[in-house]
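J.: The numbers in the UniProt record's numbering rise by one with no breaks, and the one at position 156 of the sequence shown is 156.
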Amino acid sequence: MIAQSKISSFFKTGQASSKRSSEVTQNDQNTPPKRAKTENKELTPEKKSNTDGFAVSPALSPEQRARMEQNRINAVAKLHTLNSQGLLVNFGNSWKNALEKEFSKDYFQKLTKYVEAERAKGTIYPPAHQVFSWTQYCTLDSVKVVILGQDPYHGPKQAHGLCFSVQKGVKSPPSLENMYKELTSDIEGFQHPGHGTLIGWAEQGVLLLNSCLTVRQHQANSHKDRGWEKFTDAVISWLNKNMTGLVFILWGSYAQKKGCFIDKKKHCVLQGVHPSPLSAHRGFFGCKHFSKCNSYLEEKGKTPIDWTLMPPQD
């Protein structure tokens, strides 16, 4: 009997425990969950809440994102300027994002040290503040035409960062004079401007890019194979891949070799003889590249270049 009483007591205890457990579960199901404290607070327009009721920061506007990206690019550019011994002076903002990866590469670091050492030993053209003037006069988003040169003029006050162009007050070099002759026969209304400064073209979207961007005084090609070619290859490659409907004008075998990878399905490539007096008579005169360039731009719905727009620079 005692054993039977204990067994009966055991089952009653289990039933009571099960009943309490059932009541607790039922009460839990009927009790609403605790909400985040923010639910009882009124959110300001500057704050939003997610599905859990927690306040989150608002999404950035496109303008804010653009400003943040530009600030980042400027900060990186300042760092690269410090690391490049002053080589990256007056580098156009619009080109920084496209080319910033080049600045940290080994070849560019060696190039900056080389140019710094060269300037310490003698006169180098163009002046440091004009090496990248092509990025200032011709913004990245405005590029429509690319004319490739080889290296800067090596005479006093000639080179200023635009191929074939010279500074104010300097006599136009022979190659540029031959370009003017071709323009006179090819473009209606063109007249010799009386100077050799091509900034008027650059500001319309004509990228006047040399393969090498510096040179020793009176020593043509003296900075050849020091790294500039890799950098300007990167410029052309970016334009080739990321833009469409550009006109690349390649005069002479050097420019044609440099631009051999340009996608002719995406862009117009005009090739011909260099305007140098040594070769211009072999096909440069009469090539009509300036008018052909404009015809292509018009076909693509772009504004043609006004080759006559060459105001003298103050």
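Every residue gets a Cβ at the ideal spot worked out from N, C-alpha and C, and that includes glycine. Since the structure is predicted, the reported quantities are computational estimates derived from the model, not experimental observations.
Start and end of the beta strand (DSSP E) containing leucine 148?
T.: Start and end: 145-149.
J.: If you follow the alpha helix (DSSP H) that phenylalanine 103 is part of, which residue opens it and which one closes it?
T.: First-last of the alpha helix (DSSP H) with phenylalanine 103: 93-103.
J.: With a cut-off of 8 Å, do at least 3 Cβ pairs link the stretch 246-265 to the stretch 135-151?
T.: Flag = yes, the stretch 246-265 and the stretch 135-151 touch.
J.: By how many angstroms is the C-alpha of serine 94 removed from the C-alpha of histidine 129?
T.: Approximately 17 Å between the Cα atoms of the pair.
J.: Alpha carbon to alpha carbon, how far is leucine 183 from glutamine 191? Give it in angstroms, no decimals.
T.: If you take the alpha carbons of glutamine 191 and leucine 183, they lie about 8 Å apart.
J.: For the beta strand (DSSP E) containing glutamine 191, list its first residue and its last residue.
T.: No beta strand (DSSP E) holds glutamine 191; DSSP gives it neither H nor E.
J.: Only counting the same chain, and skipping five residues up and downstream in sequence, which positions put a Cβ closer than 8 Å to that of glycine 227?
T.: Contacts found: Tyr107, Phe108, Lys110, Leu111 and Tyr114.
J.: Mind reading off the beta-carbon distance from histidine 154 to glutamine 219? Whole number of angstroms is fine, and I expect it under 8 Å.
T.: With 8 Å as the limit, histidine 154 and glutamine 219 qualify as a contact, their Cβ atoms being about 6 Å apart.
J.: So what does DSSP say about arginine 216, is it helix, strand or coil?
T.: Three-state DSSP puts arginine 216 in a strand.
J.: Give me, in chain order, the residues of the same chain whose beta-carbon lies closer than 7 Å to that of glutamine 239; leave out the 5 immediate sequence neighbours on both sides.
T.: The question names glutamine, but residue 239 is leucine in the sequence shown. Once the five neighbours on either side are set aside, the close Cβ partners of leucine 239 are Val143, Val146 and Leu246.
J.: Return yes when the C-beta of tyrosine 137 is under 6 Å from any heavy atom of the ligand ADP, and no when it is not.
T.: In terms of ligand content, the structure shown is empty, and the ligand ADP therefore cannot be addressed.
J.: In whole angstroms, what separates the C-alpha of serine 84 from that of lysine 105?
T.: Unreliable placement is indicated for serine 84, whose pLDDT of 44 sits below 50; no coordinate value is reported for it.
J.: Distance check for cysteine 212 and valine 166, CA to CA, integer angstroms please.
T.: Each residue's alpha carbon lies about 16 Å from the other.
J.: Quick one: is residue 318 buried, meaning 16 or more other Cβ sit within 10 Å of its Cβ, or exposed?
T.: Nothing about residue 318 can be read from this structure; the chain reaches only from 1 to 314.
J.: Can you check whether the CB of glutamine 313 is closer than 7 Å to the CB of threonine 197?
T.: Yes, the pair counts as a contact, with Cβ atoms nearer than the cut-off.
J.: Grab the span of the alpha helix (DSSP H) containing glutamine 313 for me, first residue to last.
T.: Unbroken run through glutamine 313: none, as it is neither H nor E.
J.: Candidates Val89, Leu87, Pro304 and Arg65: which alpha carbon is nearest alanine 202's?
T.: Among Val89, Leu87, Pro304 and Arg65, the Cα nearest to that of alanine 202 belongs to Pro304.
J.: Only counting runs of 3 or more residues, tell me where the beta strand (DSSP E) segments fall wholly within the stretch 238-285, in order along the chain.
T.: Whole beta strand (DSSP E) segments, 3+ residues: 247-251 and 268-272.
J.: Can you find the residues in the same chain that come closer than 6 Å, C-beta to C-beta, to arginine 282, ignoring five residues on each side of it along the sequence?
T.: Closer than 6 Å at Cβ, skipping near neighbours: Val273.
J.: For threonine 135, I'd like the list of residues in its chain whose CB is within less than 6 Å of its CB, leaving aside the five on either flank, ordered along the chain.
T.: Answer for threonine 135: Phe91, Gly92 and Trp95, listed in chain order.
J.: Helix, strand or coil, according to DSSP, for tyrosine 153 in the structure here?
T.: Reduced to three states, the DSSP call for tyrosine 153 is coil.
J.: Quick one: is methionine 179 buried, meaning 16 or more other Cβ sit within 10 Å of its Cβ, or exposed?
T.: Buried, because 16 or more other Cβ atoms sit within 10 Å of the Cβ of methionine 179.
J.: Determine the direct distance from the alpha carbon of aspartate 151 to that of glutamine 158, and round the result to whole angstroms.
T.: Straight-line Cα distance between these residues: approximately 12 Å.
J.: For phenylalanine 103, count the other beta carbons within 10 Å of its own beta carbon; 16 or more makes it buried, fewer makes it exposed. Which is it?
T.: So phenylalanine 103 ends up on the buried side.
J.: Would alanine 120 be called buried (16 or more neighbouring beta carbons within 10 Å of its own) or exposed?
T.: Answer is exposed; the Cβ neighbour count stays below 16.
J.: Using a Cβ-Cβ cut-off of 6 Å (strictly less than) and excluding sequence neighbours within five positions of proline 277, which residues of its own chain qualify?
T.: Cβ within range, chain order: Pro174.
J.: Following the continuous alpha helix (DSSP H) through valine 115, name the residue where it begins and the one where it ends.
T.: From DSSP, the alpha helix (DSSP H) with valine 115 extends over 106-121.
J.: Give the range of the alpha helix (DSSP H) segment to which asparagine 294 is assigned.
T.: Unbroken alpha helix (DSSP H) run through asparagine 294: 289-299.
J.: By how many angstroms is the C-alpha of alanine 59 removed from the C-alpha of glycine 200?
T.: Rounded to the nearest angstrom, the two C-alpha atoms are 42 Å apart.
J.: Comparing alpha-carbon positions, which option in Ile187, Ser253, Ala98 and Leu87 lies nearest valine 235?
T.: It is Ala98 whose Cα lies nearest to the Cα of valine 235.
J.: Just mark lysine 258 as buried or exposed, buried being the case when its beta carbon has 16 or more other beta carbons within 10 Å.
T.: Lysine 258 comes out buried.
J.: Classify valine 89 as buried or exposed, calling it buried when 16 or more other Cβ atoms lie within 10 Å of its own Cβ.
T.: So valine 89 ends up on the exposed side.
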